[in-house]
Amino acid sequence: HMIHFLFFSSSSSSSSQFSDLPSDFGLLSLRPSAGEVLRWAESLEALLSNQYGLTVFRHFLRSEFSEENLDFWLAVERFKRTRPSSKMAARAAKIYDQFISTTAARQVNMDSAIREATNQSMRLGISSASFQLAQDQIFYLMETDSYPRFLKSRFYTQLASQNTETIYCMQRKFFEIKNDQICEAEC
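Just so we're aligned: the sequence shown equals residues 2 to 188 in the working numbering.
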């Protein structure tokens, strides 16, 4: 049973969904080794540090309507590497407006004390640590909630149990869940 992933080109309307992937990541020709896939079960860090694993986890989160947690975490990771520092304020405002503001369309679920601490941190001056408490809480949420479910999901178990069959990634294809099965679908 083949699994097909979709990686849109940068001109695609969905390219922002994959903005965390390098531009040359376009089409994968080989799935990760069985050992790599099994290492994803060691920790959420191991999963997130693998581009293929990150993409599979993103699709799982999308199926659960909680993809904003990963997007926020990744946005903060990119923010912490922002250079020059003169660009940090604009990027911080974008992250805040997209994920933290009480009017954010993709608001992440964090407690009010963390939200207020983040607001306070931003008022005192933007730094690479401005979102640290919020990022830590969202990571903890993914680690204790979404990640254990991911490891039990078809997204992970099918990859972990497959033999060394090559999984080709084809443009204009993606996978979706139908009756708890991963299926190929046209865009």
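Glycine included, each C-beta is placed from N, C-alpha and C at the ideal position.
Discussion item. Please tell me whether S34 and S147 are closer than 8 Å, where the distance is taken between their beta carbons.
Written reply: no
Worksheet item: Cα separation between A42 and T104?
Response: 35 Å
Worksheet item: For the alpha helix (DSSP H) that contains N120, what are its first and last residues?
Response: S113 to L125
Worksheet item: CA-CA distance, L142 and N70?
Response: 8 Å
Worksheet item: Skipping 5 residues on each side, what residues in its chain have a beta carbon closer than 6 Å to that of V57?
Response: F156
Worksheet entry | First and last residue of the uninterrupted alpha helix (DSSP H) at M143 | Neither: M143 is in no alpha helix (DSSP H) and is coded neither H nor E.
Worksheet item: Can you tell me the Cα-Cα spacing of A76 and N110, whole angstroms?
Response: 16 Å
Discussion item. Considering only the alpha carbon of each residue, which of A47, E117 and A130 lies closest to M89?
Written reply: A130
Item to complete: State the DSSP-derived secondary structure class of P1, mapped to helix, strand or coil.
Response: Because the chain spans 2 through 188 in this model, residue 1 falls outside it and cannot be assessed.
Worksheet item: In chain order, which continuous runs of the alpha helix (DSSP H) of length 4 or greater are located wholly inside the region 52-87?
Response: 52-64 and 68-81
Item to complete: Would you identify the three-state DSSP class for Q108, choosing helix, strand or coil?
Response: coil
Fill in: Assigned exposure category for T145 - 16 Cβ within 10 Å defines buried
exposed
Discussion item. Does P33 come out as helix, strand or coil in the three-state DSSP assignment?
Written reply: coil
Worksheet item: Hey, quick one: how far does the alpha helix (DSSP H) through Q159 stretch, first residue to last?
Response: R155 to S162
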